[in-house]
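Below is one structure, written out as structure tokens; comments come after it.
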Amino acid sequence: MTAERKKRILIASPGLDGHDRGAKVVAYALKDAGMEVIYLGIHRTTEEIVIAALEEDVDFVGLSMLSGAHLILTEQILKMMEKYRIGDIPLVIGGTIPKKDVTRLKELGVAFVFPTQTPLDKIISELEEYH
Amino acid sequence: MTETKRVLETGIEIRPTYTPEDSKALDAEKDIGSPGEYPYTRGIHKTMYRDQLWSMRQYSGFGTPKDSNQRYKYLLDQGQTGLSVALDLPTQMGLDPDDAMSLGEVGRVGVSISTLKDMETLFEGLPLDGVTTSFTINATAAMLLAMYLCVAEKQGVAFEKIGGTIQNDILKEYVARGAWIYPPDFSLRLIVDTIEYCTKHVPRFNPISIAGAHFKDAGCTCVQEAAFTLADAIEYIEAVLDRGLNIDEFAPRLSFYFYTHSNFFEEIAKYRAMRKLWAKYLRERFNAQNPRSWLFRFGVVCGGSTLVPQQPEVNAIRVAYQALASVLGGVQSMFTCAWDEPFSIPTEENARLALRTQQVLGYETGVADTPDPLGGSYFVESLTKEMEDKISELITKIESRGGMVKSIKEGFIQRQIMEEAQKKEKRISSGEAVVVGVNRFIIDEEERELTLHEYNENVAKEQIESLNEVRSMRDNGKVEKHLGQLRAVAKSDENLMPHLIEAFRDYVSLGEVCRVFKEEFGTFQQPTII
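Protein chains in written order, with this note's numbering: chain S, 21 to 151; chain Y, 135 to 664.
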């Protein structure tokens, strides 16, 4: 009998912001829900994040961003993912994201956007249902 | 109807009613006392706000130094009584605007400062002997203070006349906010250097503001916020004593900073309890003789993680109650967040409303007419005592583990914060903790569009151009000499402050200075805790 492979998600904060409460709370919640979480922490360059995603063979790349620099950092990480040929891994973004930017992020190619105050249940169920 | 239990996050149960029985164990003289008298439970001043209201100090800064200078002048025109400078992330992390890691962040969450030229512009038309300035800056606090002092020199203002505060509290960064650069040893040395330097040369400046606010916003309870902060303060005091200073030389300039969140009486009791504990620690444990060393002087911020994006105007009401609790708790300086801060830094209009919240409190409500109006309340006195016991118990626990630095290195503090943050999340999702607009009284807001502060995408370009201009105008031979000197002094026991001042005076950049120290001491690596 082979157990079903657990879904794997990488969670990191790119750039200079150090607020990590949200990233950690989500990381623990996904872990409790049965996912495997690779937590990379704060102050990460986009390249570090993409290399880790590649090496860890993850199903999702999750980024937490609260400073407001999410658009430019997302563009940068998507480019980097293309460069390392992992552009097909869905990108998940959480943090301080104004409503108008949710649309813009999705247009850029982000699979999921979870602004602050998104219920944890919603994050868990959307990621679990994704195939 | 069945009686439901009311329990604070810290486990303290609120009883259905409080009577003289509940405060019977308290000694009117020893535990409560009078305002302005040891143990200062009732406030650090005899007359409190009758003589002078708390400082109204709105945390503010964005874009170029010129943009922020205009906002400061506006806020002062509107009756603000002190400045509080918000710095962008590159400045907080010791990077120049042209560093690759600064991408997207220049002038975004605060003002961009990389050379003395920026600092000069920031305070143009604002004489430093006419205003006190608080800087929320930690890893690069010594550097920003040095630049501020250079501005004073240029304005012809004596260091003795300068008042203000640098946050300069690195320990909480390692566990709660993440704006660190160097490992703890070199970071602590920079802090002790600033405290020693200010004690001798800038006597009216608060060289540190030991902050609990970030613990709280990372998920801590009031008791944890208070205990971690006081335990940090003990570490700093011991580090400065090790340098050879006498406790009474520097203790009167130690100050504190907290978040006032939404549980009204818990917050008030927290401040009353901390004031008393601090006085006791300073007098009994550190043998401070000067009563000024016993005074627990603190600033607060109201808002933070209690602000939510749903029905955002309601945040203004949350903040107003938090501000009232702060004043009833005896605050010295206050920042009230604007209601649009869950989205971005505030618009000018919303920043003004936030300031007005304090002005209504100070000038209209009469709460400032007599010190500690809640003193003697059966409930408040009893709760203050319970908070005091819990805080003191947790400090003892941390000390029995070897103190705060060791507890941080071992991940003990990080684990406690995380557990509490998760509990809080569960209480909100289960509906046990009500958040208006989030899990109760929800409305459909899909169609709403708010006018928010817009980040000016040109700021980075302007700041990089300005830095390049400085680099082409300055004497780069001198710059190299200063950097060599800073490297040498960093490796010695000598105080770095005079050398930082000399370097910035000749327009060495923040990034250049910080890089030298990184080369010598490396950077802090976050322990993995998940």
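C-beta atoms are modelled at their ideal positions from N, C-alpha and C, and glycine is treated no differently.
All values reported here derive from a predicted model rather than from experimental measurement.
Is the stretch 332–344 of chain Y touching the stretch 25–34 of chain S, taking contact as three or more C-beta pairs under 8 Å? no
Under 8 Å between C-beta atoms, does threonine 116(S) make it to chain Y? yes
Exposed unless 16 or more other CB atoms sit within 10 angstroms - verdict on threonine 491(Y): buried
Nearest-angstrom Cα separation, counted from aspartate 211(Y) out to lysine 158(Y): 49 Å
Identity of the residue in Phe655(Y), Glu653(Y), His616(Y) and Phe651(Y) nearest valine 642(Y) by Cα: His616(Y)
Taking only beta carbons into account, state which residues of the stretch 35–54 of chain S come closer than 8 Å to chain C, listed in chain order. The structure shown contains no chain C; its protein chains are S and Y.
With burial defined as no fewer than 16 other Cβ atoms inside 10 Å of the residue's Cβ, what is the status of glutamate 372(Y): buried or exposed? exposed
What residues from chain S crowd round alanine 313(Y), counting only those whose CB sits closer than 7 Å? Gly38
Lysine 103(S) classed as buried or exposed, judged by whether at least 16 other C-beta atoms fall within 10 angstroms: exposed
Decide yes or no for the touch test of the stretch 379–395 of chain Y against the stretch 553–568 of chain Y: beta carbon pairs closer than 8 Å, at least 3 of them. no
Glycine 170(Y): which of Gln445(Y), Phe477(Y) and Thr181(Y) sits nearest, CA to CA? Thr181(Y)
Expressed to the nearest angstrom, what Euclidean distance is found between the alpha-carbon atoms of glycine 38(S) and cysteine 356(Y)? 22 Å
Helix, strand or coil for histidine 63(S), going by three-state DSSP, please let me know. strand
Along the beta strand (DSSP E) that carries isoleucine 97(S), what are the first and last residues, could you check? No beta strand (DSSP E) holds isoleucine 97(S); the alpha helix (DSSP H) holding it covers 90–103.
Tell me, which residues are paired with threonine 299(Y) by DSSP? Ser268(Y) and Asn340(Y)
Under 7 Å between beta-carbons, which chain Y residues line up against serine 87(S)? List them in chain order, please. Leu223, Glu239, Arg242 and Val243
Where does methionine 227(Y) sit, in a helix, a strand or coil, going by DSSP? coil
Neighbourhood of leucine 584(Y) by C-beta distance below 8 Å, restricted to the same chain and skipping five residues each side: Pro446, Asp474 and Phe477
If we cut at 8 Å on Cβ distances, does methionine 135(Y) have a partner in chain S? Confidence at methionine 135(Y) is low in this model, with a pLDDT of 46, below 50, so the placement of that residue is unreliable and no value is reported for it.
Same chain, Cβ closer than 8 Å to glutamine 214(Y), five either side skipped, listed in chain order: Met190, Arg191, Gln192 and Leu489
Unbroken beta strand (DSSP E) run spanning valine 435(Y), endpoints: 432–436
Report the partner residues of isoleucine 31(S) according to the DSSP bridge assignment. Tyr59(S) and Gly82(S)
Tell me where the beta strand (DSSP E) around isoleucine 113(S) begins and ends. 111–115
Quick check on valine 568(Y): does DSSP put it in helix, strand or coil? coil
State yes or no: is the beta carbon of leucine 586(Y) nearer than 8 Å to at least one beta carbon in chain S? yes
Contacting positions in the stretch 476–493 of chain Y - beta carbon closer than 9 Å to chain S: Pro476, Phe477, Ser478 and Ile479
Spatially closest choice to leucine 305(Y) from Phe638(Y), Ala407(Y), Lys543(Y) and Glu143(Y), by CA coordinates: Lys543(Y)
Using 8 Å for Cβ pairs, my map puts glutamine 444(Y) next to aspartate 382(Y). What's the rounded Cβ distance? Glutamine 444(Y) to aspartate 382(Y), Cβ: 50 Å. No contact.
Within a Cβ cutoff of 7 Å, which residues of the same chain sit near valine 604(Y), ignoring the five residues on either side of it in sequence? Thr249, Lys251 and Tyr641
Contacting positions in the stretch 340–367 of chain Y - beta carbon closer than 7 Å to chain S: Ala352 and Gly353
Is glycine 129(S) near alanine 89(S), with beta carbons less than 8 Å apart? no
Applying the 10 Å Cβ sphere with the 16-neighbour rule, what's the burial state of methionine 135(Y)? Confidence is the limiting factor: at methionine 135(Y) the pLDDT is only 46, short of 50, which leaves the residue's position unreliable and the question unanswerable from this model.
Are valine 112(S) and valine 78(S) close, meaning C-beta to C-beta below 8 Å? no
Could you tell me whether any Cβ in chain Y is nearer than 8 Å to the Cβ of methionine 21(S)? Bear in mind that a pLDDT of 48 at methionine 21(S), under 50, signals an unreliable position, so the number given afterwards is only what the model happens to contain. No, methionine 21(S) does not count as interfacial toward chain Y.
Looking at chain S, is there any beta carbon in it that lies within less than 8 Å of the beta carbon of glutamine 444(Y)? yes
For a test of the three-state rule: what should DSSP assign to valine 130(S), helix, strand or coil? coil
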